[in-house]
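Visitor:
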Amino acid sequence: MKQDNLSYKMYLVTDLFGGTEEELLGKVEKALEGGVTLVQLREKEADGKEFYERSLRLKKLLDRFHVPLIINDRVDVALAVGASGVHVGQDDLPLKVVRSLVGDMIVGVSVRTVQEAQKAVEDGADYIGVGSVFPTSTKLDAKGITKEELIEITESVRIPAVAIGGITAENIEKLNGTGIRGAAVVSAILKSQDPKKAAEELNEKLVLQ
C-alpha cells in the first residue's frame, strides 16, 4: 500500500458542507485537476454503510487520477474499501493497535505537541497532521499552535508533517519555511466557486523546503 514517492503537498480533507455527495465528488474531481495530491474522507455524521459506499465511490474517482485515499478514523472502512491509508486522532484507537490491524497501510496521526509527534513516530506513524495552525470553522474545538511550535514539531521528527487548520490562499505562505511537507485544506477548496483554480493557487503559494 505504501508509496515511496507519495506527495503530501496538497492534502484535501473532504466535507459535504450540507451539499450532496454528487456535488462533493464533482468538487473533488476539479480539485484533483488543480493538483491535489492526497484526499482524506472525513465523515462525522455518516453511518457505517453510508461511509463505506461513499468511500468506494470516492476511491473510484481517485484511482483515475492515481491519487491515494486516506480514511479518517474508521479502520474497518479503510480495510473494506482497500484505501491507501487511515488517519487517526489522539482520542481514536491507539496507533500501535491501528498498525497491527492495517499492516503496511499508510497511517497518519493528528498531533499538536512535540511529545505527541515523537510518540507517533515511535508507534509507527508514516506522517503526522499538525495543528490547528490557524483558526478553523470546520473543527471548532481545535486548539491552535504557533508558528514557532509548528517548526519545533517538524524539526523533532523525520517523518512528513502536514499542517492543518484554517489554511487559505491568504495565509498559506506563512507556512513556508516551517519544514512542513504539505498542507491539509478543507474550506479553501471545497467552498470555492472554482475548486481547480483554488487548488492551483494554494499549490503555487506553498513552497516546500
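If you're matching positions, the sequence shown starts at 409 in my numbering and goes up one per residue.
By construction, the Cβ of each residue, glycine as well, lies at the ideal position given by its N, Cα and C atoms.
1) Alpha carbon to alpha carbon, what distance is there between E451 and E382?
2) With H, G and I counted as helix, E and B as strand and the rest as coil, what does DSSP make of Y416?
3) Is the CB-CB distance between V475 and L446 below 8 Å?
4) Could you tell me whether the stretch 609–616 touches the stretch 563–581, where touching means 3 or more Cβ pairs closer than 8 Å?
5) DSSP three-state label for D592, please.
6) Strictly by DSSP, which residues pair up with V538?
7) State the start and end residues of the unbroken beta strand (DSSP E) segment that holds V496.
8) For M409, does the three-state DSSP call read helix, strand or coil?
9) DSSP puts I553 in a beta bridge; with which residues?
10) Mind checking which residues open and close the alpha helix (DSSP H) that includes V485?
11) If we ignore side chains and look at the alpha-carbon of each, how far apart do V494 and L420 end up?
12) So who's on the other strand from Q448, going by DSSP bridges?
13) If you draw a straight line from the alpha carbon of G585 to that of G443, how long is it in whole angstroms?
14) Only counting the same chain, and skipping five residues up and downstream in sequence, which positions put a Cβ closer than 8 Å to that of V570?
15) Please classify S545 as buried or exposed, where buried requires at least 16 neighbouring CB atoms within 10 angstroms.
16) G490 to V522, Cα distance in whole Å?
17) What are the boundary residues of the alpha helix (DSSP H) that includes A607?
18) Expressed to the nearest angstrom, what Euclidean distance is found between the alpha-carbon atoms of M409 and R507?
19) Going by Cα to Cα distance, which pick from D481, I597, L501 is closest to G456?
20) On a Cα-Cα basis, can you pick out the residue from A533, Y460, T562, K467 that is closest to Q617?
Guide: For this structure:
1) Nothing can be reported for residue 382, as the shown portion of the chain is limited to 409 through 617.
2) The residue you call residue 416 lines up with position 8 of the sequence shown. Looking at Y416 - three-state DSSP - the assignment turns out to be coil, as it is neither helix nor strand.
3) To locate residue 475, count along the sequence shown from 1; it is residue 67. To locate residue 446, count along the sequence shown from 1; it is residue 38. Cβ atoms of V475 and L446: closer than 8 Å.
4) yes
5) For this step, residue 592 is matched to residue 184 along the sequence shown. Going by the sequence as given, residue 592 is Ala instead of Asp. A592 falls in the strand class under three-state DSSP.
6) For this step, residue 538 is matched to residue 130 along the sequence shown. According to DSSP, V538 bridges with V519, A571.
7) Translated into the one-based positions of the sequence shown, residue 496 becomes position 88. Run containing V496: 493–496, per the beta strand (DSSP E) assignment.
8) Taking the sequence shown and counting its residues from 1, the one referred to as residue 409 is at position 1. Reliability of the predicted coordinates at M409 is poor, the pLDDT of 48 falling under 50, and the value obtained from them is presented with this limitation in mind. It is coil, neither helix nor strand.
9) Mapped onto the sequence shown, residue 553 falls at position 145. DSSP lists no partner for I553.
10) Here residue 485 corresponds to residue number 77 of the sequence shown, with the count starting at 1. Element bounds for V485: 483–489.
11) Within the sequence shown, numbered from 1, the residue matching residue 494 stands at position 86. Within the sequence shown, numbered from 1, the residue matching residue 420 stands at position 12. Cα-Cα distance, rounded: 14 Å.
12) As a first step, residue 448 is located in the sequence shown; it is residue number 40 there, counting from the start. Per DSSP, V421, I478.
13) Taking the first residue of the sequence shown as position 1, residue 585 is located at position 177. Taking the first residue of the sequence shown as position 1, residue 443 is located at position 35. Rounded to whole angstroms, G585 to G443 spans 21 Å at the Cα level.
14) What you label residue 570 is simply residue 162 of the sequence shown in a count that begins at 1. Closer than 8 Å at Cβ, skipping near neighbours: Y416, Y419, G516, Y535, I536, G537, V538, I588, R589, G590, A591, A592.
15) Residue mapping note: residue 545 aligns to position 137 of the sequence shown, counting from 1. With fewer than 16 other Cβ atoms within 10 Å, it is exposed.
16) On the sequence shown, residue 490 is found 82 positions in, with the first residue counted as 1. On the sequence shown, residue 522 is found 114 positions in, with the first residue counted as 1. Roughly 31 Å separates the two Cα atoms.
17) Within the sequence shown, numbered from 1, the residue matching residue 607 stands at position 199. From DSSP, the alpha helix (DSSP H) with A607 extends over 603–613.
18) Position 1 of the sequence shown, counting from 1, holds the residue named residue 409. Position 99 of the sequence shown, counting from 1, holds the residue named residue 507. For M409, the predicted structure reports a pLDDT of 48, less than 50, and the residue's modelled location is therefore unreliable. A value from the coordinates is still provided. So the alpha carbons of these two residues sit roughly 13 Å apart.
19) If you number the sequence shown from 1, residue 456 lands on position 48. Looking at the Cα atoms, D481 is the closest of the given residues.
20) Taking the first residue of the sequence shown as 1, we reach residue 617 at position 209. Closest option to Q617, Cα to Cα, is T562.
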